[in-house]
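Here is the structure we will look at, set down as structure tokens.
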Amino acid sequence: MPQDAFTLRLNALELSDALSGGRINKINQPAREEISIVIYTGKRTVKLSLNANASDCGVYFSEDEKENPLVAPNFCMLLRKHLQGAQIMDVKTVGFERIIAIRLHCISDFSECERILYAEIMGKYSNLLLTENGIILGALKTTAADENCRRLILPGAKYVFPAPQDKVNPADEAALAALCSRPEGDLAHFLFTRVAGLAPCTAEDIAAAYQGGDLAAFVRGYLFSDEISPCVLENNGNVVDFFARRHAGAIPFDTLSAAQAYFYAKKRAKNTLEGTRRKLLSAVSQAKKKQEKRLAQIAEKQRSAADAETVRLKGELLTANLYALSRGMTSCELVNYYDESGAKIKISLDAQLTPSQNAQAYFKRYQKQKRTLDALAPQEAETRRELSYLESLLPLPSSAENTQDLKAAEEELMSEGLIKAPPVRKGGKKPPEIPFRTFERDGFTVYAGRSNIQNDRLVRMSAPNDLWLHARNLHSAHVVIRTQGKKVPKDVLNFAAGVCAKFSAGNGSKIPVDCCPVKNVRKPKGSKAGFVTYSDFETLLGDPSLVQNI
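For what it's worth, our numbering labels the leading residue of the sequence shown as -11, then goes sequentially.
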């Protein structure tokens, strides 16, 4: 994104026109590196977002409704103390730097003064600072007072602008003219590396527009013109960049602020989607590994106790041959009377025990191993059920296409204790219920659950003669066709099977999908969410491509 001095200058001009004379009504800090200021301009109330996050840095109007923390952070409290009710005088950039300065007229009960809120829009070095008479009152990000500190950012320190780049400032006409009199190599690269305050795309736009003549005059004319045609470039529904001037194939916007708000909102939504997806997949994967480890431990114990019947046999053979044995023997070979060939079996003995005591020792060992195997059997079954359930969770975040899909998956993971639920605000509103995925096809409504919890709810809410679909031998969404007593056409059945295939763990163009009336679906008592049994079904082939573009 071209958050360069060129773009920020136009941004500041736009903000100054809209905000000059406006009064600050409210200040919040919805995120660690974002300040939100509600301003009454005299005509309307607007919300100004100042973001110092490395990937979202900027100053623009925003309509996003974000939840604020219960306790305001220190910097937010400082801004409220010094800027509540302040009047905005103007908004400017500092020279041709990536710094926006908001001048404010502040009045208190005892005095009035001028303060400046600086937004340094510099990628990972972005910051927000409040000053009075050149002295820092507070900053979003402070620096330590040590000998390696190039620029001290602490309350009470003098505010010093970041060190300028070793480039020519385009505001310096003489220096720019001297530089442009001897351009070298590729013009875009030359401008980007030698002229201060330009992003690569801005340098490329200048080079593409230049048709010859006085290069310095052209560069200055381009950079200091107030012409603005904001737009956002997208690719396959994903935002690529925003621009202050017209760009081929980009979506036009009325204001640069609106373009930024749209760009950052879509970018944040995608980042949040992917971040939540990774978090949920990680939680399920960790829980799955834990159960797999438990299953391996159970298998190891079962292997250790697997020879229980052989141990019992040795005890029986010893009992049957007590007359032939004596204390002090360390082993013996006895005929295995269960073996038709009459083969002998070698049995180890404890020389300190009598033959009868050795036999009893084998029986005790047998009983212990038998108890172990009996105890492990239900543990194994429970662990396998848990593993199967966790495997049913994996497709939920993987196939999620929007925040509602992920929210449904997140709620299920919270209900299972796989991730922590956020603290509940006292008196807070209950979040709205997440709707099913819904599709319309030839007059029929097709519903698909977004999670196992929704799958159960979907079955409960459906009529007995509605049609229920599920991928055969695969984890998938439960899909229901609302029939309303009508015969369902083949095209609708195939479409619903495609929905089921799309939201399943299967791969391929044809996935077997079972279909039956809802009345044939049963949920066993005490079973995990999403687990059902069904009967009297037919099998269709689901084609996921039928719903690719819906």
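Where is the CB? At the ideal position from N, CA and C, for every residue including glycine.
Taking 8 Å as the cut-off, does the stretch -9 to 4 touch the stretch 232 to 252 (at least 3 CB pairs, one atom from each stretch)?
Output reads yes: the stretch -9 to 4 touches the stretch 232 to 252.
How is the alpha helix (DSSP H) around cysteine 168 delimited, first residue to last?
161 to 168
Kindly indicate which residue of Glu374, Glu108, Leu67 has the alpha-carbon position closest to the one of valine 82.
Glu108
Could you name the residues of the same chain whose beta carbon sits closer than 6 Å to that of tyrosine 522, not counting the 5 residues immediately before and after it, in chain order?
Cys504, Asn508, Val509
Under a three-way DSSP split, which group does aspartate 444 fall into?
helix
Are the beta-carbon atoms of isoleucine 286 and leucine 364 separated by less than 7 Å?
yes
Classify glycine 111 as helix, strand or coil using the three-state DSSP reduction.
helix
What are the boundary residues of the alpha helix (DSSP H) that includes serine 50?
Run containing serine 50: none; DSSP gives neither H nor E here.
Provide the residue span of the alpha helix (DSSP H) that contains glutamine 348, from first to last.
343 to 381
Please name the residue in Gly431, Leu382, Asn440 whose C-alpha comes closest to that of threonine 471.
Looking at Gly431, Leu382, Asn440, the one whose alpha-carbon comes closest to that of threonine 471 is Gly431.
Measure the CB-CB distance between threonine -5 and alanine 232 and report whether it falls below 7 Å.
A contact, by the Cβ cut-off of 7 Å.
Does the separation of the CB atoms of leucine 378 and lysine 475 fall below 7 Å?
With a cutoff of 7 Å on beta-carbon distance, leucine 378 and lysine 475 are scored as not near each other.
Using a Cβ-Cβ cutoff of less than 8 Å, which residues in the same chain neighbour valine 447 once the five nearest sequence positions on both sides are dropped?
Trp456, His466, Val468, Val506, Val509, Lys511, Val520
Entirely within the stretch 61 to 107 and at least 3 residues each: give me those beta strand (DSSP E) ranges in chain order.
Counting only runs of 3 or more, we get 75 to 81, 87 to 95.
Is it true that the CB of leucine 118 sits closer than 7 Å to the CB of alanine 40?
No, the pair does not count as a contact, with Cβ atoms beyond the cut-off.
Closest to alanine 74 by CA distance: which of Gly9, Glu85, Ser114 is it?
Gly9
In the structure shown, what three-state DSSP assignment does leucine 457 receive?
strand
Quick one: which unbroken beta strand (DSSP E) runs of 3-plus residues sit fully inside the stretch 205 to 252? Chain order, please.
219 to 223, 226 to 231
Grouping DSSP H, G and I as helix and E and B as strand, with all else coil, what is asparagine 16?
strand
Tell me proline 505's beta-bridge partners as DSSP assigns them.
Leu455
Measure the CB-CB distance between glutamate 321 and lysine 334 and report whether it falls below 7 Å.
Yes, the Cβ-Cβ distance between glutamate 321 and lysine 334 is below 7 Å.
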